[in-house]
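Worksheet: the structure to be examined is printed underneath.
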Amino acid sequence: MPIWGWVCVGLVAVVVLGLAYIVVVEGQREKRLQRDGQTVVGRIILANTSLYDAKPAAFEFAFVLFTRDADPSEEHLAFLGRVAENLQGFEPNDANPAEKKLAWALETQRTTGDVIRVPKRVTDGREVYFASTPVKRRMLPHGRLTRDHLFLRVILDGDRRDVSMTEYPDSPTASA
Numbered sequence: 002m003p004i005w006g007w008v009c010v011g012l013v014a015v016v017v018l019g020l021a022y023i024v025v026v027e028g029q030r031e032k033r034l035q036r037d038g039q040t041v042v043g044r045i046i047l048a049n050t051s052l053y054d055a056k057p058a059a060f061e062f063a064f065v066l067f068t069r070d071a072d073p074s075e076e077h078l079a080f081l082g083r084v085a086e087n088l089q090g091f092e093p094n095d096a097n098p099a100e101k102k103l104a105w106a107l108e109t110q111r112t113t114g115d116v117i118r119v120p121k122r123v124t125d126g127r128e129v130y131f132a133s134t135p136v137k138r139r140m141l142p143h144g145r146l147t148r149d150h151l152f153l154r155v156i157l158d159g160d161r162r163d164v165s166m167t168e169y170p171d172s173p174t175a176s177a
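Positions 2 to 177 (this note's numbering) are the ones given, in order, by the sequence shown.
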């Protein structure tokens, strides 16, 4: 086989191994979140518009704000809505990398892959977090967004932070 044939075989093998690695790592992450995480309510502040339709797009993410409370009450969601309003035109402290990342995500509407603590000056002193999370249609009522919030599994242990969408508690497919 000519050298280019071996190069192509090698590239295909690298891609296959890379994808397998990603699948394994994502599976371990989801297991860890289910085992060690806590369920919270995240207020959606921005979502891919296709999530409101029945037709899926390629990448469907939502920006969410949440606290450590698993409180789906209107009062709690209204508080998170006020925090979202306070984030409009957010100016970061240039000495704080997390604030700069938050401002960048809000300005560019791009995902960060991180769970970021929102500065207390924006949250009236309360502990609020921002995350961009993939939205899993199979966990949505009617396969699309019909509510202004998601349920999330989160881990917030110091620098070890992670988030993933989980099923709504009132979903017919939710596990007991």
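Idealized CB from N, CA, C, for every residue including glycine. Computed from a predicted model, the values in this text were never measured in an experiment.
Taking all protein chains shown into account, decide if Ala14 is buried (16 or more other Cβ within 10 angstroms of its Cβ) or exposed. Here residue 14 refers to the residue found at position 13 of the sequence shown. Under this definition Ala14 is an exposed residue.
Quick check on the DSSP output: the alpha helix (DSSP H) that includes Val84 runs from which residue to which? Mapped onto the sequence shown, residue 84 falls at position 83. For Val84, the uninterrupted alpha helix (DSSP H) segment begins and ends at Glu75 to Asn87.
Please report how far the alpha carbon of Leu12 lies from the alpha carbon of Trp5, in whole angstroms. As a working note, residue 12 is residue 11 in the sequence shown. As a working note, residue 5 is residue 4 in the sequence shown. Going by the C-alpha atoms only, they are around 10 angstroms apart.
Sub-8 angstroms separation of Val155 and Val119 beta-carbons: Here residue 155 refers to the residue found at position 154 when the sequence shown is read from its first residue. Here residue 119 refers to the residue found at position 118 when the sequence shown is read from its first residue. Their beta carbons are not under 8 angstroms apart, which means Val155 does not touch Val119 by this criterion.
Whole angstroms are fine: how far does the CA of Lys32 sit from the CA of Met166? Locating residue 166 in the sequence shown gives position 165, counting from the first residue. Locating residue 32 in the sequence shown gives position 31, counting from the first residue. Going from the Cα of Met166 to the Cα of Lys32 covers about 13 angstroms.
Cut-off 7 angstroms between Cβ atoms - residues of its own chain near Leu107, not counting five sequence neighbours on either side: Position 106 of the sequence shown, counted from the first residue, corresponds to residue 107. Taken in chain order, the residues that qualify are Leu88 and Phe91.
So Thr68 is in the alpha helix (DSSP H); what residue range does that whole segment cover? The count along the sequence shown starts at 1 and reaches residue 68 at position 67. Going by DSSP, Thr68 is part of no alpha helix (DSSP H) at all; its letter is neither H nor E.
Could you please give the first and the last residue of the uninterrupted beta strand (DSSP E) stretch that includes Leu153? On the sequence shown, position 152 is the one that residue 153 refers to. Element bounds for Leu153: His150 to Asp158.
Is it true that the stretch 34–49 meets the stretch 61–70, where meeting means three or more beta-carbon pairs spaced less than 8 angstroms apart? As far as the Cβ criterion goes, the stretch 34–49 touches the stretch 61–70, which means the pair count is three or higher.
Taking the alpha-carbon of Thr134 as reference, which of Leu151, Gly126, Gly38 and Ala71 has the nearest alpha-carbon? To locate residue 134, count along the sequence shown from 1; it is residue 133. Nearest to Thr134 by C-alpha distance, out of Leu151, Gly126, Gly38 and Ala71, is Leu151.
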